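My numbering runs 3 ahead of the 1-based position in the sequence shown.
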Amino acid sequence: MEHVPGSFGTSASFALRFGQIIFSSASLIFMCLDYDFYDFTTFCYLTTVMAFVTPWSISLALADTYSVLLKQLPHEPRLLSMVLAGDTVMSFLSLGGACGVASATQLLSSLGAPICGDNLCSQYQVSATLAFLCWFLLLASALFNLWSLPSLLY
Numbered sequence: 004m005e006h007v008p009g010s011f012g013t014s015a016s017f018a019l020r021f022g023q024i025i026f027s028s029a030s031l032i033f034m035c036l037d038y039d040f041y042d043f044t045t046f047c048y049l050t051t052v053m054a055f056v057t058p059w060s061i062s063l064a065l066a067d068t069y070s071v072l073l074k075q076l077p078h079e080p081r082l083l084s085m086v087l088a089g090d091t092v093m094s095f096l097s098l099g100g101a102c103g104v105a106s107a108t109q110l111l112s113s114l115g116a117p118i119c120g121d122n123l124c125s126q127y128q129v130s131a132t133l134a135f136l137c138w139f140l141l142l143a144s145a146l147f148n149l150w151s152l153p154s155l156l157y
């Protein structure tokens, strides 16, 4: 089996998961600091997606930690396929949420909406930026796992 750095069960995968946990929780915190985000569907969508990404990344970081401590990589193609599918779905969902919040925030700030008072729009822009960073790490995890999947199958 070819050991791809960053694939599931390696220390590089743990580092990617740790970054996902940090960025998704920070995005969630910045979005939830004010209760006005409930007024817009796209803000609720990003909050929901980040609420799914955080436990997904925590559980896979724990599995990576277990695998690194035992120095035993998971050799089951089904497990890696499930992780790959989950990472891919989560990455596309987080990209959609980040793009939606970034565009809605830009539109609201250009229109001079009252919700943008007290620097709320900049807070939402920070949340969208953190969601973009989380998307980048999720996509990297998915690509590393996709790269290592054929070595398990053949």
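For each residue, glycine too, the CB sits at the ideal point set by N, CA and C. Source: prediction; values computed, not measured.
Could you pull the start and end residues of the alpha helix (DSSP H) that residue i belongs to?
i: residue 95; result: 80 to 114
i: residue 69; result: 44 to 73
i: residue 21; result: 14 to 35
i: residue 144; result: 123 to 156
Within 10 angstroms of the Cβ of residue i, are there 16 or more other Cβ atoms? Answer buried if so, exposed if not.
i: residue 2; result: No answer is possible for residue 2: the residues shown for the chain start at 4 and end at 157.
i: residue 12; result: buried
i: residue 165; result: Residue 165 falls outside the range modelled here, since the chain spans only 4 to 157, and no answer is possible.
i: residue 157; result: exposed
i: residue 19; result: buried
i: residue 108; result: buried
i: residue 27; result: buried
i: residue 65; result: exposed
i: residue 127; result: buried
i: residue 42; result: exposed
i: residue 114; result: exposed
i: residue 57; result: buried
i: residue 131; result: buried
i: residue 88; result: exposed
At a cut-off of 6 angstroms, would you count residue i as near the ligand PLP, judging by its Cβ distance to the nearest heavy atom?
i: residue 83; result: As far as ligands go, the structure on display features none, and thus does not contain the ligand PLP.
Any 3 or more C-beta pairs closer than 8 angstroms across the stretch 67 to 80 and the stretch 122 to 130: no
The stretch 46 to 54 in contact with the stretch 74 to 88 per 3-pair CB rule at 8 angstroms: no
Inter-stretch contact (C-beta, 8 angstroms, three-pair minimum) for the stretch 17 to 25 and the stretch 141 to 150: yes
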